[in-house]
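Counting from 1 along the sequence shown, just add 100 to a position and that's the residue number in the numbering used here.
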Amino acid sequence: MIPDPAAAIEEIVSRYPKKVAKKRQKAMVMNDPEQKPEIQANVRTVPGIITQRGCTYAGCKGVILGPTRDVINITHGPIGCGFYSWLTRRNQTKPEKPTDENFMPYCFSTDMQDENIVFGGEIKLKQAIREAYEIFKPHAISIFSTCPVGLIGDDVHSVAREMKKELGITIFGFSCEGYRGVSQSAGHHIANNGIFNHVIGTGEPRRIGKFQINLMGEYNIGGDAFELERLFEEAGITLISTFSGNSTIRSYAHAQSADLNLVMCHRSINYIAEMMEVKYGIPWIKINFIGAESTAKSLRKVVEFFDDAELTQRVENIIKREMGKVKKVSKEIRPNLEGKLAMLFVGGSRAHHYQDLFRELGITSISAGYEFAHRDDYEGREVIPNIKVDADTRNIEDLEVVRDESQYREDLEKKKKLLEEIGYNFKEYRGMMSEMEKNSLVVDDISHWESEKLIEYFKPDVFCAGIKEKYVVQKMGVPLKQLHSYDYGGPYAGFEGAINFYREMERMLATKIWKMVDPPWKAEPEIVGSMNINV
Numbered sequence: 101m102i103p104d105p106a107a108a109i110e111e112i113v114s115r116y117p118k119k120v121a122k123k124r125q126k127a128m129v130m131n132d133p134e135q136k137p138e139i140q141a142n143v144r145t146v147p148g149i150i151t152q153r154g155c156t157y158a159g160c161k162g163v164i165l166g167p168t169r170d171v172i173n174i175t176h177g178p179i180g181c182g183f184y185s186w187l188t189r190r191n192q193t194k195p196e197k198p199t200d201e202n203f204m205p206y207c208f209s210t211d212m213q214d215e216n217i218v219f220g221g222e223i224k225l226k227q228a229i230r231e232a233y234e235i236f237k238p239h240a241i242s243i244f245s246t247c248p249v250g251l252i253g254d255d256v257h258s259v260a261r262e263m264k265k266e267l268g269i270t271i272f273g274f275s276c277e278g279y280r281g282v283s284q285s286a287g288h289h290i291a292n293n294g295i296f297n298h299v300i301g302t303g304e305p306r307r308i309g310k311f312q313i314n315l316m317g318e319y320n321i322g323g324d325a326f327e328l329e330r331l332f333e334e335a336g337i338t339l340i341s342t343f344s345g346n347s348t349i350r351s352y353a354h355a356q357s358a359d360l361n362l363v364m365c366h367r368s369i370n371y372i373a374e375m376m377e378v379k380y381g382i383p384w385i386k387i388n389f390i391g392a393e394s395t396a397k398s399l400r401k402v403v404e405f406f407d408d409a410e411l412t413q414r415v416e417n418i419i420k421r422e423m424g425k426v427k428k429v430s431k432e433i434r435p436n437l438e439g440k441l442a443m444l445f446v447g448g449s450r451a452h453h454y455q456d457l458f459r460e461l462g463i464t465s466i467s468a469g470y471e472f473a474h475r476d477d478y479e480g481r482e483v484i485p486n487i488k489v490d491a492d493t494r495n496i497e498d499l500e501v502v503r504d505e506s507q508y509r510e511d512l513e514k515k516k517k518l519l520e521e522i523g524y525n526f527k528e529y530r531g532m533m534s535e536m537e538k539n540s541l542v543v544d545d546i547s548h549w550e551s552e553k554l555i556e557y558f559k560p561d562v563f564c565a566g567i568k569e570k571y572v573v574q575k576m577g578v579p580l581k582q583l584h585s586y587d588y589g590g591p592y593a594g595f596e597g598a599i600n601f602y603r604e605m606e607r608m609l610a611t612k613i614w615k616m617v618d619p620p621w622k623a624e625p626e627i628v629g630s631m632n633i634n635v
């Protein structure tokens, strides 16, 4: 049974100024899976707090378009922005042929200098586009705005239109300045809108296989998508496009050919899934391929949609074979890890999905939270009508999507209605809280200070987060597993991925080295200050 974390919350907020304490307390809730509490999410970080979050640009370029190999992604801004969003998440890709376009090894940036900030950077952007085209001859180029671009008023969209006309290729821009939204989530939304507007449906619909899907919100970190592609191929399921691990712009253009959209990371990609259903009639379901049991459950849900006896048999054979391997390794490793404690603060779905893997090992997730989630990622999609629309949300365009009469799939609309009548759930996501234990602590946008105090309170055996937290946490004698980039591991998706994760956790948690870490602050006094002015 998880102890009541009220004392930990009280100690944390007592160090904050009054207004900050009030705001942060709304973002820390004791979970009750039966009566999910309301949590504050998707609000701006308090200035001065060391947050885990990234910026809008990072969500647009680094997350959504970064793993797409056949488009030249030009960062219009300082070189640091372009470099930081370039392959830092270990997105992998595998062109079908050696001669196929793959621009992911390159970092493209206009490298704006002081002169460009003063006099404008549009001329330099045009030069960069021409240079990229002359060297690489791509069929598509995208442009990403950074903070200074928005401040000085460079119009990347007019540049994109002009250069598209000049070069005769697909060129489009994103107004994804880092400050535009609360977090990476705003960038996801902007990228979804751009891809939907400029790419999806521009190619002719095509029928390659009997069962066609799009996989959404899977970014091929450490090769995750390769493992899922292996399963789909063996089952006889045709993957039209992945958004956006191991992906191409060309595959996006035919995405309307799918019969079903599978949404993995709900936060980053649900916008495209919703818009494709309105325009093309393609339904979507929430799935999770992190964890062996979750993978089996998700495959069965896909099979249930297609309702084909041969497909069902093939998938059941795959599950039986793969689960046999998984259970053999689990039987060996679980006794060494059962009863240990985990904390997860990462992403907009990963902190939820990876709890399934920990559960399979007998590890309890005592506290978790997201960096860029909205309330529905915690409490479930049923709360969406009650979420307040604030100024930051209005700052991102909501596209007006209409039905495409020439490509709309009425057969899929009818199929969806029939399946719903027998209890099949489409676009259902019950959120992270529904699967966490009672009294577990849920924290949105956790800070470094809060992380340190909760580690002291819960004494976890493993902490999952990102690179910014990694070495601070490990100096406290707690191993940290990066779930943004997987450190140097992976894949962790699917059945083989589960086995990899089991072995990784055994390697990290079975060693005694972490208890021998002697951080410098053990021997040095802590400098503590207090504030008496409440503003």
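The beta carbon of each residue, even a glycine, is placed where N, CA and C say it ideally should be.
Simplified DSSP state of residue i, which is helix, strand or coil
| i | result |
| --- | --- |
| A373 | helix |
| G597 | helix |
| S341 | strand |
| V363 | strand |
| I295 | helix |
| S585 | coil |
| M616 | helix |
| T175 | strand |
| V259 | helix |
| S449 | coil |
| T156 | helix |
| M605 | helix |
| A127 | coil |
| A623 | coil |
| A442 | strand |
Nearest to residue i (by Cα), restricted to the options the options
| i | options | result |
| --- | --- | --- |
| N216 | G253, Y184, E201, N191 | G253 |
| F296 | E222, V378, D211 | V378 |
| R481 | K527, V446, A451, F472 | K527 |
| I487 | A107, K118, A141, P117 | A141 |
| E460 | S467, G469, F472, P435 | P435 |
| A106 | E604, L554, D561 | L554 |
| C207 | R307, F244, T199 | F244 |
| Y529 | E569, I466, H452 | H452 |
| D407 | P198, N320, K118, K515 | K515 |
| L512 | F203, S242, L360, N525 | L360 |
| N173 | L541, G439, G424, V256 | V256 |
| R419 | A409, V429, E438, L399 | Looking at the sequence shown, residue 419 is not Arg but Ile. I419 has its Cα closest to that of L399, out of A409, V429, E438, L399. |
| R306 | L339, N525, L267 | L339 |
| K517 | I382, G462, V578 | I382 |
| E277 | L441, C181, R350 | C181 |
Residue i vs residue j beta-carbon contact at 8 Å
| i | j | result |
| --- | --- | --- |
| L599 | V483 | Per the sequence shown, residue 599 should be read as Ile rather than Leu. For I599 and V483, no; Cβs fall outside 8 Å. |
| A556 | I102 | The sequence as given places Glu at residue 556; Ala does not occur at that position. Contact: no. |
| F563 | M443 | yes |
| Q413 | E535 | no |
| G301 | Q356 | yes |
| M608 | K581 | yes |
| G590 | V446 | no |
| G287 | V163 | yes |
| E196 | P238 | no |
| I385 | V363 | yes |
| N314 | A358 | yes |
| E479 | K136 | yes |
| Q192 | N346 | yes |
| D211 | N539 | no |
| V543 | G448 | no |
| F405 | I369 | no |
| D476 | G531 | yes |
(request) Take every Cβ of the stretch 496 to 516, pair it with every Cβ of the stretch 160 to 175, and state whether three or more of those distances are shorter than 8 Å. (result) no
(request) For the stretch 124 to 141 and the stretch 102 to 116, state whether three or more C-beta atom pairs, one from each stretch, are separated by less than 8 Å. (result) yes
(request) Taking only runs that begin and end inside the stretch 529 to 570, name each unbroken beta strand (DSSP E) of 3 or more residues, in chain order. (result) 541 to 543, 562 to 565
(request) Report the residue ranges of all alpha helix (DSSP H) runs contained in full by the stretch 452 to 531; include only those spanning at least 4 residues, in chain order. (result) 475 to 479, 491 to 494, 510 to 521
(request) Write down every uninterrupted run of the alpha helix (DSSP H) in the stretch 375 to 429 whose length is 4 residues or greater and which is fully enclosed by it, in chain order. (result) 392 to 406
(request) Could you tell me whether the stretch 543 to 552 touches the stretch 144 to 163, using the rule of 3 or more Cβ pairs below 8 Å? (result) yes
(request) Determine contact between the stretch 491 to 500 and the stretch 279 to 286, defined as no fewer than three beta-carbon pairs at a distance below 8 Å. (result) yes
(message) So, does the stretch 589 to 604 touch the stretch 382 to 390, judging by three or more C-beta pairs under 8 Å?
(response) yes
(message) Going residue by residue through the stretch 177 to 250, where are the continuous beta strand (DSSP E) segments of at least 3 residues, counting only ones entirely within it?
(response) 240 to 245
(message) Counting beta carbon pairs with one atom in the stretch 242 to 249 and one in the stretch 175 to 190, are three or more of them shorter than 8 Å?
(response) yes
(message) Could you check whether the stretch 221 to 241 touches the stretch 256 to 275, counting it as contact only if at least three pairs of C-beta atoms, one from each stretch, sit closer than 8 Å?
(response) yes
(request) Give a yes or no on contact between the stretch 327 to 340 and the stretch 393 to 412, applying the rule of three or more CB pairs nearer than 8 Å. (result) yes
(message) Report the start-end ranges of each beta strand (DSSP E) in the stretch 267 to 320 that is 3 residues or longer and not cut off at the edges.
(response) 270 to 274, 312 to 318
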